[in-house]
Every structure is written in C-alpha cells, then in structure tokens.
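Numbering (my numbering), first residue to last: 57 to 305.
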C-alpha cells in the first residue's frame, strides 16, 4: 500500500516531504468518505494508503473546506488504526502544556518555577498561553489564566525526536520569543545522552513518535506534537524529512 501526504504545498514543511511520498492530497480537495463501504474518495477518485503524514495549513487563510477536510482525515485515521502515522495515540486538540510540564519534571527534567494562573511572584518572568498558539511576552501578571514562568537565561535549544532518531539545534535570537525575530539563526547543537534519554521517555509517555522539545539551557519549556521542521531540515540537508518518511516504514 502507498504513503499519503496531506496538506498544502505552500507549507514549506509539506514541500520538504513531497518527493518522499507516493501521492499528495491537497487540503482543499473534495473529499468523500462512505461510512457504509469505508471507501475514501479524493476528487471522485478512490484512494487507499497504509502510511500517512499530514499538516493542517497555517500559511494563509484557512477556509471552511480546509478545516472540515482536516477533521475528516483525522476521523478517518481514528477509524482505521492500521494506517501507520506519527503520534497516533496523542490528541492534538486537547491542550496539555501544564500537565506536560508536571510529567517532564517527574521524569527528571528541570523546569522553571511555574504558576498556572494570573500572577507570579517573580520580577523577571514571562507569560505564555495555556492553550498554545500565541507568542510569549514579558510580565508577571496576566489578564487571563496563563502559564507564568520565571525567565531563565541561556541558549534556546530544540531537540527533534523522529522515531528512534534525534536532531539537536540551537536557536540564536535576541527576542523573547524567537518567532518574532526576522533575523533568527539556527545552528546544530549537541545534547547530552541523559537529556536525550529523558526526552525520549517523555515523548513515549505521551505517545509522540514525531516531536520537538524546547529548552532554555537545560530547562525544559514545552513539547510540541506537530512542530515545523523545514528551516531545521534545510541545514541538515533533508535528514529530518528523510527520518519522518523512514520512520513510517
């Protein structure tokens, strides 16, 4: 059976994977799933696949068709557990950032002093949304319930885990949230084996076979269930994309 890639070609993370999959389904296609027969059609053509990787597009406007197709595919995958895909037992739509911090700490990873609420008694602290999406900001008081953490000094680092493989990076930026920095730079970084082992254990506990974990220095910040990888893949000459496809075999 074939391997299917789902999303939009304007997503650079999807573009990296296009040559590695048997066929591509655009998120705006006309999808039709017959629950009686179990058959799935794309633009009137019957399709079948045993391996899958997909991303909901965040580059540009998300139409009602795109949103509905994303959830159709997710429901189809839940109903066909024999289809191999990453993070099969992880529910992305349920924000678990706070619980993930507690789990990481229990596994021996250091976390900054953290409060879930609207105020923290730390002068140098940051505010992050509990549900994800929005960027971090400086402050010790939030207008709504959020993750409030003591600000840690040190290099921004990211560890990708793809199947059994790991890829480490350092992110160079003067901004509080490097996503706000148009001049952000990325370099390859080494992680000690103890951190890698604990990170893999955290990913396994959460059912994540494709993930990226963010650190400041040796402090765990968060684990991501569908991280963008294109910029990191570029400096690795396509090794992350190859690992994603290889780990579905």
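Just so you know, even glycine gets a beta-carbon here, dropped at the ideal spot from N, CA and C. Please read all numbers here as calculations on a predicted model, not as lab measurements.
Put simply, of 264, 254 and 270 the residue whose alpha carbon is nearest the alpha carbon of residue 162 is 254.
At the C-beta level, residue 180 and residue 206 come within 8 Å of one another. In the DSSP assignment, residue 130 falls within the unbroken alpha helix (DSSP H) covering 120-135. For residue 111, same chain residues with a beta-carbon under 7 Å away, outside a window of 5 residues either side, are 63, 67, 69, 70 and 282 in chain order.
The three-state reading of DSSP puts residue 274 in coil, since its state is none of H, G, I, E or B.
In the structure shown, residue 253 falls within a helical segment according to DSSP collapsed to helix, strand and coil. A direct Cα-to-Cα measurement between residue 196 and residue 100 gives close to 54 Å.
Under the three-state reduction of DSSP, residue 241 is assigned to strand. Beta-bridge partners of residue 268 (DSSP): 216 and 280. The three-state secondary structure of residue 108, taken from DSSP, is strand. Between the alpha carbons of residue 136 and residue 256 lies a distance of about 26 Å. Cβ-Cβ distances below 8 Å link residue 212 to 226, 227, 228, 229, 234, 270, 271 and 272 in the same chain, with the five nearest sequence neighbours on each side left out; the list follows chain order.
DSSP places residue 171 outside any alpha helix (DSSP H); the residue lies instead in the beta strand (DSSP E), whose first and last residues are 170-175. Looking from the CA of residue 288, the closest CA among 279, 247 and 242 belongs to 242.
Rounded to whole angstroms, the Cβ separation of residue 184 and residue 203 is 4 Å, and the two are in contact under 8 Å. Considering only 123, 80 and 91, the residue with the shortest C-alpha distance to residue 114 is 123. Put simply, the backbone Cα of residue 91 is about 42 Å away from that of residue 200. Taken through DSSP and simplified to helix, strand or coil, residue 205 comes out as strand. In the DSSP assignment, residue 101 falls within the beta strand (DSSP E) that extends over 101-103. Residue 191 counts as exposed, since fewer than 16 other C-beta atoms from the protein chains shown sit within 10 angstroms of its C-beta. The beta carbons of residue 217 and residue 259 sit closer together than 8 Å.
Residue pairing of residue 197 in beta bridges, as defined by DSSP: 175. Counted as a single uninterrupted DSSP element, the alpha helix (DSSP H) harbouring residue 158 occupies residues 153-162. DSSP, read as helix, strand or coil, puts residue 183 in strand. Spatial neighbours of residue 176 in its own chain (CB-CB distance under 7 Å, excluding positions within 5 residues in sequence) are listed in chain order as 196 and 204.
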